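>
There are 2 protein chains.
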Amino acid sequence: MIEPARFLSDLHTLRGFGAAGVGKGVVRPAYSQADIAARQWLAAQFRDAGLRVQMDAMGNLFGLREGPSLLLGSHSDSQPEGGWLDGALGVVAALEVARACNAGGGPPVSVVSFQDEEGRFGVTTGSAVWSGQLSLEEADALTDHAGVALGDARAAMAQMVTGDIDPSRFTGFIEMHIEQGPTLDASGEQIGVVTDIVGIRDMKITFDGQQNHAGTTPMALRRDAFQAVSSFNTLLNDRLRNVVTPQSVWTIGHVSLHPNASSIVPGRAVFSMQWRDADAARLARMEEIIRETAAEVASERGMQLGYGPLLGLEPVQMDARLQAALCRAAEEVAPGRWRRMPSGALHDATNLSRLMPVAMLFVPSIGGISHAFEEDTDEKDLAAGLDVLFRAVNSLK
Amino acid sequence: MIEPARFLSDLHTLRGFGAAGVGKGVVRPAYSQADIAARQWLAAQFRDAGLRVQMDAMGNLFGLREGPSLLLGSHSDSQPEGGWLDGALGVVAALEVARACNAGGGPPVSVVSFQDEEGRFGVTTGSAVWSGQLSLEEADALTDHAGVALGDARAAMAQMVTGDIDPSRFTGFIEMHIEQGPTLDASGEQIGVVTDIVGIRDMKITFDGQQNHAGTTPMALRRDAFQAVSSFNTLLNDRLRNVVTPQSVWTIGHVSLHPNASSIVPGRAVFSMQWRDADAARLARMEEIIRETAAEVASERGMQLGYGPLLGLEPVQMDARLQAALCRAAEEVAPGRWRRMPSGALHDATNLSRLMPVAMLFVPSIGGISHAFEEDTDEKDLAAGLDVLFRAVNSLK
């Protein structure tokens with residue numbers, strides 16, 4: 134049987150590698166000394182749980198059952214200023230479930246901690262390489278903000294590498310994670326069973342107008358790039374409301390004006406436009422509205438309109454059978470206090486969906502806070518999530 | 134009589150000090166080698182015109198007639214990337230008018246080139262010190278973008294300094310300048326007689342909301358600081374239209390989002406709000422609307438609202454008698470092709486209005502462009518401006 138106290142104790146021990154900041158903060162970016170020490174400790178726990186420890190060249194750490202098995206896990210690297218749960222929760226929950234299953238004759242369970250999910254070098258880099266969406270050669274050329282190449286950074290854990298792990302040995306993948314949003318915390322629910330991981334579109338938009346003196350240029354003769362952005366934003370908010378669902382999101386998170394001075398009418402604005410939805414058709418419809426609105430604003434205001442490259446990550450549906458097992462278990466553990474919901478954030482499960490059936494479950498994030506030292510979840514909810522994962526896995530045998 | 138060819142030749146000679154960039158560009162910031170050489174050349178021209186050359190400690194350069202005289206001029210320093218006219222036009226026109234008046238028995242005219250009008254160190258620094266609104270000690274402590282103190286920079290022209298020049302010797306000040314806006318160029322007019330130099334209000338406004346994950350935070354739960362700025366801007370544009378005139382302007386020229394990343398809902402926005410009008414009461418009414426609108430947006434969107442210090446420069450009315458002389462002369466030189474208009478930009482005349490009657494006249498800026506290498510004015514319009522200045526001065530004797 135699972136032991137919630139042991140699971141929580143392991144979580145606190147893992148937090149000790151890179152413990153920092155206020156509350157339960159952690160600084161454990163991929164390939165840092167804290168990350169390597171954490172993986173060495175995890176490898177020892179995997180071994181003690183009767184699993185065979187393997188690490189691939191990227192630093193993805195596996196604890197393997199022989200023969201076909203269900204893979205559970207997440208990632209143990211953190212954001213530059215991260216919390217104690219995030220990916221660590223899914224790894225330690227997987228360890229506890231594997232321990233219980235191995236000891237108690239449950240279904241065969243293997244465990245994984247992927248590397249660089251937090252994107253020191255890219256986006257979910259470790260699982261992207263393992264799932265074949267990024268070559269090791271391409272990954273090695275990626276650099277972090279300080280200019281360090283991934284190829285050089287991963288040399289620091291080379292002594293732990295054993296070789297490739299064949300994905301075909303796994304029958305599916307379940308990832309437990311904190312929600313990283315406010316939905317469950319606000320509703321007082323304990324469990325979210327993920328239906329889809331949303332797709333993302335992201336592009337830079339540029340309006341080029343006319344830089345001018347903010348005193349001598351009459352309002353009627355201005356071609357003010359900030360006014361274009363603001364007008365675009367206002368129109369877009371109105372228009373998107375006709376096509377979106379409450380789960381759709383869109384964000385202008387980055388705005389750069391030129392020359393960005395109080396006495397000068399801005400001649401140029403470059404801004405980010407990002408939108409996410411679980412439905413690829415809706416993402417496309419949103420894109421149409423974005424482009425139509427930008428073109429209309431540019432034409433009305435005498436702006437040149439430019440687009441950067443469109444980043445596109447497709448939405449991923451969770452596997453129906455694994456999802457159903459999680460729903461049944463959630464109803465047993467937290468009757469009436471769980472919901473189906475999309476994941477607005479990317480996860481390693483996105484990459485693994487190319488290889489095998491995947492599913493995810495969420496526990497609440499207090500205040501919706503994550504990627505911050507303050508990130509936390511009530512220990513009762515952590516234990517409930519562990520229980521749901523364990524029951525779901527057992528129901529699949 | 135004035136000699137337009139000599140005047141244009143002098144303008145081109147002065148452009149040679151710091152000539153740079155495309156077209157007729159100039160790089161001649163205050164106290165640069167080019168600026169000092171230009172002032173040495175100007176001093177020689179003043180002397181040749183029968184004027185007594187004086188320079189105060191700031192580097193304001195005067196060519197003086199004995200006894201009471203009308204002061205004409207502007208400034209010969211330039212923006213870091215400036216044009217050949219800007220302040221240089223007013224100085225060279227003043228020189229030509231003084232030359233003609235001295236030779237032809239016209240009214241006594243003195244000439245000035247103020248220092249650092251373009252604000253390497255402050256705002257119209259030279260005339261601010263001369264008019265007593267800034268002490269030399271305060272000015273010396275001002276630093277440029279590179280950290281150089283004005284007190285150190287002005288040492289480079291110390292050998293030219295002769296001593297203070299008493300403002301009470303002057304009966305008034307007339308400054309000829311390029312418009313630096315598109316109004317005259319767009320209407321095909323040759324002369325603008327300035328009615329007022331507008332007042333300015335400028336402050337930073339801050340909205341503090343909640344930084345969040347752009348994927349996991351539902352739209353309805355966001356406190357997005359960029360959305361607050363955009364909403365404020367849209368509401369403000371609507372509301373100001375009820376109180377402004379076609380000469381009023383307002384500008385959001387600087388926007389800084391935090392953390393300014395495409396995947397993060399911005400938690401904080403700091404932006405500049407600047408407005409200008411010739412009527413102090415209207416400036417105050419605009420401020421009320423700005424503060425009401427910001428407070429309303431903050432309250433509706435759960436933002437903390439903050440204000441930086443309010444920069445206030447009062448509007449200045451041009452002297453009625455000097456203005457009337459310019460209008461009569463403009464109608465003689467360019468019948469039906471001139472207008473009364475406010476100045477949306479600050480000028481040395483703003484400071485001098487504390488000391489004596491002041492007036493200004495504008496010539497067109499092609500395309501409304503200034504503070505750029507491309508700045509230019511048709512030579513016919515330059516000559517027309519010179520003629521208006523000369524006739525107005527003579528009508529005042």
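Which chain is which? The protein sequence lines are U and S, in order.
Going by the numbering used here, the letters in the first sequence line up with residues 134 to 530, in that order.
Going by the numbering used here, the letters in the second sequence line up with residues 134 to 530, in that order.
Each residue gets a CB set at the ideal place from its N, CA and C atoms; glycine is no exception.
Quick caveat: nothing in here was measured; it's all calculated off a predicted structure.
1. Consult DSSP for K337(U) and reduce its assignment to one of helix, strand or coil.
2. Opposite Q450(U) in the DSSP bridges: which residues?
3. Residues of chain U with CB under 9 Å from A314(S), in chain order?
4. Going by alpha carbons, who is nearest to R473(S) out of L455(S), T257(S) and S486(S)?
5. For the alpha helix (DSSP H) holding E512(S), just list the boundary residues, first then last.
6. Could you spell out the range, first to last residue, of the alpha helix (DSSP H) harbouring S364(S)?
7. So, is the C-beta of V294(U) closer than 8 Å to a C-beta in chain S?
8. Ignore the nearest five residues each way along the sequence and tell me which others in G445(S)'s own chain have a CB closer than 6 Å to its CB.
9. Taking a contact to mean a Cβ-Cβ separation below 8 Å, would you say H504(U) touches L390(S) in this structure?
10. Cβ of A361(S) within 8 Å of Cβ of A428(S)?
11. Indicate, with yes or no, if the ligand GDP has a heavy atom lying under 7 Å from the CB of V362(U).
12. Starting from the beta carbon of D335(U), find every residue of chain S whose beta carbon is closer than 9 Å, and list them in chain order.
13. Counting only beta-carbon separations shorter than 8 Å, does T378(U) have a partner in chain A?
14. With D410(U) as the anchor, note down where its beta strand (DSSP E) starts and where it stops.
15. Spatial neighbours of G439(S) within its chain, please: CB distance less than 6 Å, with the 5 preceding and 5 following residues excluded, ordered by chain position.
16. Can you tell me which of P240(S), A274(S) and G239(S) puts its alpha carbon nearest to the alpha carbon of F254(S)?
17. At what residues does the alpha helix (DSSP H) containing T258(U) begin and finish?
18. Is the shortest distance between the beta-carbon of R409(S) and the beta-carbons of chain U less than 8 Å?
19. Between which two residues does the beta strand (DSSP E) harbouring W383(U) extend?
20. Does the pairing of the segment 212-227 of chain U with the segment 304-316 of chain U give three or more beta-carbon distances under 8 Å?
21. Relative to chain U, which residues along the segment 465-479 of chain S have a C-beta separation below 8 Å, given in chain order?
22. What number of angstroms, rounded off, separates the C-alpha of M91(U) from the C-alpha of I423(U)?
23. Going by C-alpha distance, which of M191(S), G252(S) and T258(S) is nearest N484(S)?
24. If you measure beta-carbon to beta-carbon, which residues of the segment 245-258 of chain S are closer than 7 Å to chain U?
25. Looking at C-alpha atoms only, which residue of V496(U), L479(U), S486(U) and M451(U) is the closest neighbour of W471(U)?
26. For the 8 Å Cβ check, are there 3 or more pairs between the segment 200-217 of chain S and the segment 151-169 of chain S?
27. Using a Cβ-Cβ distance cut-off of 8 Å, determine whether H310(U) contacts chain S.
28. Could you check what DSSP says for Q173(U) in three-state terms: helix, strand or coil?
29. What did DSSP end up calling S531(U) once you bin it into helix, strand or coil?
30. Run through chain S and tell me which residues come within less than 9 Å of P399(U), C-beta to C-beta.
31. Drop a sphere of 10 angstroms on the beta-carbon of G196(U), count the other beta-carbons inside from all chains shown, and report buried for 16 or more, exposed for fewer.
32. Can you pull the chain U neighbours of F506(S), defined as C-beta to C-beta under 8 Å?
33. If we count Cβ pairs, one from each stretch, closer than 8 Å, do we get three or more for the segment 176-191 of chain S versus the segment 134-142 of chain S?
34. Would you please verify whether the beta carbon of V331(S) is less than 8 Å from any beta carbon of chain U?
35. Assuming H504(S) is part of the alpha helix (DSSP H), what are its boundary residues?
36. When the distance is taken between beta carbons, is S476(S) closer than 8 Å to V376(S)?
Here's the rundown:
1. K337(U): strand per DSSP, three-state reduction.
2. Paired residues: D329(U).
3. According to the sequence displayed, residue 314(S) carries Gly and not Ala. The contacting residues are N345, H346, G348, T349, T350, P351 and L354.
4. The candidate whose alpha carbon is nearest that of R473(S) is L455(S).
5. For E512(S), the uninterrupted alpha helix (DSSP H) run begins and ends at E512 to S528, by DSSP.
6. The continuous alpha helix (DSSP H) containing S364(S) extends over residues A358 to L373.
7. For V294(U), the answer is no, since every Cβ of chain S falls outside 8 Å of its Cβ.
8. If you ignore the 5 residues before and after G445(S), its C-beta comes within less than 6 Å of the C-beta of R334, all in its own chain and listed in chain order.
9. Contact: no.
10. Contact annotation: A361(S) and A428(S) have beta-carbon atoms that are not nearer than 8 Å.
11. This structure does not include the ligand GDP; it has no bound ligands of any sort.
12. Chain S residues near D335(U): S395 and S396.
13. The structure shown has no chain A; the protein chains it does contain are U and S.
14. Residue range R401 to D410 is occupied by the beta strand (DSSP E) that includes D410(U).
15. If you ignore the 5 residues before and after G439(S), its C-beta comes within less than 6 Å of the C-beta of T339, all in its own chain and listed in chain order.
16. Nearest option by C-alpha distance: A274(S).
17. Annotation: the continuous alpha helix (DSSP H) that includes T258(U) extends over T258 to W263.
18. Output row for R409(S): interface = yes.
19. For W383(U), the enclosing beta strand (DSSP E) starts and ends at V382 to T384.
20. At 8 Å Cβ cutoff, the stretches touch.
21. Result list: S476, G477, A478 and L479.
22. A question about residue 91(U) goes unanswered here, because the residues of chain U that appear run from 134 up to 530.
23. Per the Cα distances, T258(S).
24. Legend: CB atoms of the segment 245-258 of chain S lying less than 7 Å from CB atoms of chain U are not found in any residue.
25. Sorting V496(U), L479(U), S486(U) and M451(U) by C-alpha distance to the C-alpha of W471(U) places V496(U) at the top.
26. With a cut-off of 8 Å, the segment 151-169 of chain S and the segment 200-217 of chain S count as touching, because enough Cβ pairs lie within range.
27. Taking CB atoms only, H310(U) has no neighbour in chain S less than 8 Å away.
28. Q173(U) carries a helical assignment under DSSP once its states are collapsed to helix, strand and coil.
29. Nothing can be reported for residue 531(U): it is not among the residues displayed for chain U, which extend from 134 to 530.
30. Under the 9 Å cutoff, chain S gives T384, I385, G386, H387 and V388.
31. Of the other Cβ atoms in all chains shown, 16 or more fall within 10 Å of the Cβ of G196(U); this residue is therefore buried.
32. Near F506(S) there are no residues of chain U at all, since even the closest Cβ is about 13 Å away, more than 8 Å.
33. No contact exists between the segment 176-191 of chain S and the segment 134-142 of chain S.
34. Closer than 8 Å: yes.
35. Counting along the chain, no alpha helix (DSSP H) covers H504(S), and no H or E run does either.
36. Result no, Cβ atoms of V376(S) and S476(S) do not sit closer than 8 Å.
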